[in-house]
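Okay, so here's the structure we're looking at.
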Amino acid sequence: MKKATQLVLNDKGAVYHLNLKPGQIAETIFLVGDPARAGIIAECFDEIEFQTSNREINTFTGTYKGKRLSVLSTGMGTDNIEIVVNELDAVFNIDFESKLEKEEKTCLNLIRIGTSGALQEDIPVDNSYIVSRYALGLDGLAYFYEDGPFVMEREMTASFINQMNWDDDLPKPYAIKSSDYLLNILGRDLRKGITLTAPGFYAPQGRELRLKTTDNTIIDRARKFEYGESQITNFEMETSALYSLSAMLGHEALTVCNIIANRISNKFSPDYHSSMQKLIQLMLERVLEV
Numbered sequence: 231m232k233k234a235t236q237l238v239l240n241d242k243g244a245v246y247h248l249n250l251k252p253g254q255i256a257e258t259i260f261l262v263g264d265p266a267r268a269g270i271i272a273e274c275f276d277e278i279e280f281q282t283s284n285r286e287i288n289t290f291t292g293t294y295k296g297k298r299l300s301v302l303s304t305g306m307g308t309d310n311i312e313i314v315v316n317e318l319d320a321v322f323n324i325d326f327e328s329k330l331e332k333e334e335k336t337c338l339n340l341i342r343i344g345t346s347g348a349l350q351e352d353i354p355v356d357n358s359y360i361v362s363r364y365a366l367g368l369d370g371l372a373y374f375y376e377d378g379p380f381v382m383e384r385e386m387t388a389s390f391i392n393q394m395n396w397d398d399d400l401p402k403p404y405a406i407k408s409s410d411y412l413l414n415i416l417g418r419d420l421r422k423g424i425t426l427t428a429p430g431f432y433a434p435q436g437r438e439l440r441l442k443t444t445d446n447t448i449i450d451r452a453r454k455f456e457y458g459e460s461q462i463t464n465f466e467m468e469t470s471a472l473y474s475l476s477a478m479l480g481h482e483a484l485t486v487c488n489i490i491a492n493r494i495s496n497k498f499s500p501d502y503h504s505s506m507q508k509l510i511q512l513m514l515e516r517v518l519e520v
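Residues 231 to 520 in this note's numbering are what the sequence shown lists, from first letter to last.
Here you go:
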């Protein structure tokens with residue numbers, strides 16, 4: 231007999247944090263960190279059939295040129311992504327009445343549109359986009375899951391730990407690749423690279439305010455990392471969790487980031503809102519092929 235899952239529902243019978251029930255969200259979902267950006271994308275839809283909000287999570291479901299789509303704001307960080315991906319999967323793949331896993335699974339397309347800082351000097355900051363072919367997670371999240379080690383890129387993980395001379399007192403890094411399917415459709419003709427996912431904005435990314443970081447050389451060492459012909463192109467705070475959980479659960483996932491700053495050249499985008507709007511429109515057109 232199957233064991234019931236530990237699915238938590240709210241008093242409306244919806245999944246706890248996302249406040250969603252089956253049928254209220256599409257199988258192709260844009261994920262954004264900023265709650266306001268979810269509304270900006272939804273404004274591009276031809277019609278909106280459903281919307282809900284809980285904490286920083288705003289969700290809109292509608293259609294764009296005949297394709298049913300959803301957009302959902304996750305907030306910042308791998309911890310939020312962990313909640314979002316697990317609960318999205320539950321909406322489709324767990325029976326809310328019995329709380330049992332369904333026999334037939336639904337594969338979701340999870341597309342993160344984010345902002346990021348570049349780690350290579352040649353990456354511009356004006357209308358510049360990076361597709362995360364791989365993510366290198368500094369958050370340790372994947373190791374909390376039994377299937378985590380089976381979806382990791384073990385050679386890349388070992389190479390990163392070795393080249394970085396990684397401190398054993400810090401969470402163990404892990405490498406994970408994107409969906410080939412989404413990469414080929416959404417990422418064609420865009421620059422691809424390795425995205426470093428940090429578990430914070432300050433010390434984990436080498437920044438100091440009043441508190442000192444234990445590693446103030448992480449930026450310099452990370453930008454020199456090489457794996458085959460690939461380099462670490464950018465820093466952000468979500469993709470490793472998105473890729474690892476999606477791989478474990480059988481979903482397709484891809485991150486495309488708008489580069490708004492370059493940590494090496496110290497350049498900043500003069501108008502990243504305009505370049506973000508262009509990226510949103512590009513992804514909306516390309517997602518019609520998914």
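Beta carbons: idealized from backbone N, C-alpha and C, even for Gly. The structure displayed is predicted, hence computed values, not measured ones.
Next on the checklist: Assuming contact is defined by CB atoms lying nearer than 8 Å, are ILE360 and THR463 in contact in what I supplied?
Outcome noted: In the sequence shown, counting from the first residue as 1, residue 360 sits at position 130. In the sequence shown, counting from the first residue as 1, residue 463 sits at position 233. Result yes, Cβ atoms of ILE360 and THR463 sit closer than 8 Å.
Next on the checklist: If you follow the beta strand (DSSP E) that ALA365 is in, where does it begin and where does it stop?
Outcome noted: Within the sequence shown, numbered from 1, the residue matching residue 365 stands at position 135. Where ALA365 is concerned, the enclosing beta strand (DSSP E) stretches over 359-367.
Checklist entry - Okay, do the stretch 489-507 and the stretch 372-392 touch, 3+ Cβ pairs below 8 Å being the bar? => result No: fewer than three Cβ pairs fall under 8 Å.
Next on the checklist: Taking only three categories from DSSP, how would you classify ASN464?
Outcome noted: Here residue 464 is taken as the residue at index 234 of the sequence shown, counted from 1. Three-state DSSP puts ASN464 in a strand.
Item to check | 4 or more residues per run - each alpha helix (DSSP H) lying fully within the stretch 418-470 | outcome: Correct list: 448-453.
Checklist entry - What is the C-beta distance between THR425 and ALA388, in whole angstroms, given that I count them as a contact (C-beta under 8 Å)? => result Your numbering for residue 425 matches position 195 in the sequence shown. Your numbering for residue 388 matches position 158 in the sequence shown. Contact flag wrong, Cβ pair sits at about 19 Å.
Checklist entry - Going by beta carbon distance, what residues of the same chain come within less than 8 Å of ILE278, once the five residues before and after it are set aside? => result Here residue 278 corresponds to residue number 48 of the sequence shown, with the count starting at 1. For ILE278, same chain residues with a beta-carbon under 8 Å away, outside a window of 5 residues either side, are ALA272, PHE290, THR291, GLY292 in chain order.
Checklist entry - Between which two residues does the alpha helix (DSSP H) containing PHE290 stretch? => result Mapped onto the sequence shown, residue 290 falls at position 60. Not the alpha helix (DSSP H): PHE290 falls in the beta strand (DSSP E), residues 287-294.
Checklist entry - Out of curiosity, what's the CA-to-CA distance linking THR258 and PHE275? => result As a position in the sequence shown, residue 258 is number 28, starting the count at 1. As a position in the sequence shown, residue 275 is number 45, starting the count at 1. Near 14 Å, if we compare the C-alpha coordinates of PHE275 and THR258.
Item to check | Proximity test, GLN254 beta-carbon vs the ligand MN heavy atom, cut-off 7 Å | outcome: Here there are no bound small molecules, and the ligand MN is not part of this structure.
Checklist entry - When you compare only the Cα positions, how much space is there between LEU228 and PHE374? => result One cannot answer for residue 228 here, as it falls past the ends of the chain, which runs 231 to 520.
Item to check | According to DSSP, residues forming a beta bridge with ASN488 | outcome: For the purposes of this step, residue 488 is taken as the residue at position 258 of the sequence shown. ASN488 is bridged by DSSP to THR345, TYR359.
Item to check | Residue range of the beta strand (DSSP E) that includes LEU404 | outcome: Sequence index remark: in the sequence shown, residue 404 carries index 174 (1-based). In the sequence as displayed, the identity of residue 404 is Tyr instead of Leu. Counting along the chain, the beta strand (DSSP E) containing TYR404 begins and ends at 404-407.
Item to check | Residue burial classification, THR485 (beta-carbon count within 10 angstroms, cutoff 16) | outcome: Taking the sequence shown and counting its residues from 1, the one referred to as residue 485 is at position 255. When all chains shown are included, THR485 counts as buried.
Next on the checklist: Please identify the residue among PRO403, PRO429, SER408 whose C-alpha is closest to the C-alpha of LYS422.
Outcome noted: As a working note, residue 422 is residue 192 in the sequence shown. It is SER408 whose Cα lies nearest to the Cα of LYS422.
Next on the checklist: Using 8 Å as the threshold, is the C-beta distance between LEU371 and LEU472 below it?
Outcome noted: Working through the sequence shown from its first residue, we reach residue 371 at position 141. Working through the sequence shown from its first residue, we reach residue 472 at position 242. Pairing LEU371 with LEU472 gives a Cβ-Cβ distance that is not under 8 Å.
Next on the checklist: Taking contact to mean 3 or more Cβ pairs, one atom from each stretch, closer than 8 Å, check whether the stretch 452-470 and the stretch 324-337 are in contact.
Outcome noted: As far as the Cβ criterion goes, the stretch 452-470 does not touch the stretch 324-337, which means the pair count is below three.
Next on the checklist: Along the chain, where does the alpha helix (DSSP H) containing VAL532 start, and where does it finish?
Outcome noted: Since the displayed the chain opens at 231 and closes at 520, residue 532 lies outside it and no answer follows.
Next on the checklist: Mapping the DSSP letters down to three states, classify GLY477 as helix, strand or coil.
Outcome noted: Working through the sequence shown from its first residue, we reach residue 477 at position 247. Before going on, a small fix: residue 477 reads as Ala here, not Gly. ALA477 falls in the helix class under three-state DSSP.
Checklist entry - Which two residues bound the contiguous beta strand (DSSP E) that contains ASN284? => result For this step, residue 284 is matched to residue 54 along the sequence shown. 277-284 is the extent of the beta strand (DSSP E) around ASN284.
Item to check | Close beta carbons around VAL314, own chain, < 8 Å, minus the five adjacent residues each side | outcome: Counting from one through the sequence shown, the residue named residue 314 turns up at place 84. Excluding sequence neighbours, VAL314 sits near HIS247, LEU248, LEU261, ILE287, LEU302, THR304.
Checklist entry - Which word fits PHE431, buried or exposed, when buried means at least 16 other C-beta atoms lie within 10 angstroms of its C-beta? => result Against the sequence shown, residue 431 aligns to sequence position 201. Counting Cβ neighbours within 10 Å, PHE431 comes out exposed, since fewer than 16 surround it.
Next on the checklist: Spatial neighbours of ALA320 within its chain, please: C-beta separation below 7 Å, excluding the five flanking residues on both sides.
Outcome noted: Within the sequence shown, residue 320 is the residue found at index 90, counting from 1. So the qualifying residues of the chain are LEU237, VAL245.
Checklist entry - So, are the CB atoms of GLY436 and ILE415 less than 8 Å apart? => result Along the sequence shown, read from residue 1 onward, the residue named residue 436 stands at position 206. Along the sequence shown, read from residue 1 onward, the residue named residue 415 stands at position 185. Contact: no.
Checklist entry - With a CB to CB cut of under 8 Å and the five nearest residues on each side skipped, what residues in its chain are close to LEU420? => result In the sequence shown, the residue the question calls residue 420 occupies position 190. Same-chain partners within the cutoff: TYR359, ILE360, VAL361, VAL486.
Checklist entry - Since THR258 sits in a beta bridge, which residues does DSSP pair it with? => result Within the sequence shown, residue 258 is the residue found at index 28, counting from 1. Looking at the DSSP output, THR258 bridges to ASN339.
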